[in-house]
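So the structure is just underneath, and the comments pick up after that.
Protein chains: 2
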Amino acid sequence: MKAVVHVELKPGVLDPQGKAIAHALNGLGFEDVSGARVGKVITLDLGDADAANAEQRVAEMCEKLLANTVIERYRVEIEG
Amino acid sequence: MKAVVHVELKPGVLDPQGKAIAHALNGLGFEDVSGARVGKVITLDLGDADAANAEQRVAEMCEKLLANTVIERYRVEIEG
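Protein sequence lines, in the order shown, are assigned to chains A and W. The numbering of the first sequence is the working numbering, which starts it at 1 and goes up by one. The numbering of the second sequence is the working numbering, which starts it at 101 and goes up by one.
Here it is in structure tokens:
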């Protein structure tokens with residue numbers, strides 16, 4: 001079973017990495033790019049066969065390690 | 101218009117960051133995690149109203165800046 005965790009900065013939190021990307025794209029001639037934000041996707045291989053339980057455990061992993069919940073929000077998807 | 105770019109390591113390329121995450125999760129008691137891989141999601145704000153053209157331009161951005169195509173692959177989604 002696989003779990004896909006999407007971690008992104010909460011709206012309103014400054015994203016310097018995204019700003020740098022937008023600036024660099026503008027410099028390369030892509031002037032229609034007015035902003036960029038960067039997030040992470042973490043794909044976990046899980047042994048557990050129980051999807052409901054897995055979702056709860058992965059949420060716990062996010063709270064403890066994968067996301068900084070002060071500035072980031074996360075979303076968990078469980079795949080077959 | 102928004103473009104969402106997913107960048108991930110090609111299969112077979114070692115992912116030390118993912119390995120560190122899996123190891124840390126195991127250490128926290130999540131022993132069912134047997135592996136992890138980490139990717140990026142870049143959300144771009146585009147002014148362009150032409151979706152087909154936008155997709156091509158974003159692919160060009162990936163080739164030039166957003167992805168290292170030697171070791172990474174990317175996928176572009178255009179959202180209304």
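For each residue, glycine too, the CB sits at the ideal point set by N, CA and C.
So which residues of chain A does W:A167 contact, with C-beta pairs closer than 7 Å?
-> Along the second sequence, one-based indexing puts residue 167 of chain W at 67. Simply none; closest approach about 12 Å.
When you compare only the Cα positions, how much space is there between W:E155 and W:V176?
-> If you number the second sequence from 1, residue 155 of chain W lands on position 55. If you number the second sequence from 1, residue 176 of chain W lands on position 76. The alpha-carbon atoms of W:E155 and W:V176 are separated by roughly 7 Å.
Quick one: does A:V13 have its CB under 7 Å from some CB of chain W?
-> Numbered from its first residue, the first sequence carries residue 13 of chain A at position 13. No, A:V13 lies away from the interface with chain W (no Cβ there is under 7 Å from its Cβ).
By a C-beta neighbour count over all protein chains shown, 10 Å radius and 16 as the cutoff for buried, is A:V128 buried or exposed?
-> Residue 128 of chain A falls outside the range modelled here, since chain A spans only 1 to 80, and no answer is possible.
Candidates W:A122, W:G129, W:G147: closest to A:I42 by CA position | In the first sequence, the residue the question calls residue 42 of chain A occupies position 42. The shortest Cα separation from A:I42 among W:A122, W:G129, W:G147 belongs to W:A122.
Hey, out of W:L146, W:E108, W:D145, whose CA is closest to W:R173's CA?
-> Locating residue 173 of chain W in the second sequence gives position 73, where the first residue counts as 1. Of the candidates W:L146, W:E108, W:D145, the one whose C-alpha sits nearest the C-alpha of W:R173 is W:E108.
Any residues in the segment 46-65 of chain A with a beta carbon nearer than 7 Å to a beta carbon of chain W? Which ones, in chain order?
-> L46, G47, D48, R57, M61, K64, L65
At a Cβ threshold of 7 Å, is A:A20 touching chain W?
-> Taking the first residue of the first sequence as 1, we reach residue 20 of chain A at position 20. No - not a single Cβ of chain W is within 7 Å of the one on A:A20.
May I ask you to verify whether the segment 28-47 of chain A touches the segment 128-146 of chain W, counting CB pairs closer than 8 Å and requiring at least 3?
-> yes
Beta-carbon proximity check, W:V113 vs W:I178, cutoff 7 Å | Reading the second sequence from its first residue, position 13 is the one you call residue 113 of chain W. Reading the second sequence from its first residue, position 78 is the one you call residue 178 of chain W. No, they are not a contact pair.
Can you give me the Cβ contacts of A:Q17 inside the same chain, cut-off strictly under 8 Å, excluding the 5 residues immediately before and after it?
-> Residue numbering aside, residue 17 of chain A sits at position 17 when the first sequence is read from its first letter. Within the same chain, A:Q17 has close Cβ partners V38.
Closer than 8 Å at the beta carbon, the chain A residues around W:K110 = To locate residue 110 of chain W, count along the second sequence from 1; it is residue 10. By Cβ distance, chain A contributes nothing, its closest Cβ being about 14 Å from W:K110, past 8 Å.
Neighbour flag for W:I142 against chain A, beta carbons, 7 Å | In the second sequence, the residue the question calls residue 142 of chain W occupies position 42. Yes, W:I142 lies at the interface with chain A (some Cβ there is under 7 Å from its Cβ).
Roughly how many angstroms lie between the CA atoms of A:L30 and W:G180, to the nearest whole one?
-> Translated into the one-based positions of the first sequence, residue 30 of chain A becomes position 30. Translated into the one-based positions of the second sequence, residue 180 of chain W becomes position 80. Reading the sequence as shown, one finds Phe at residue 30 of chain A and not Leu. The straight-line gap from Cα to Cα measures roughly 19 Å.
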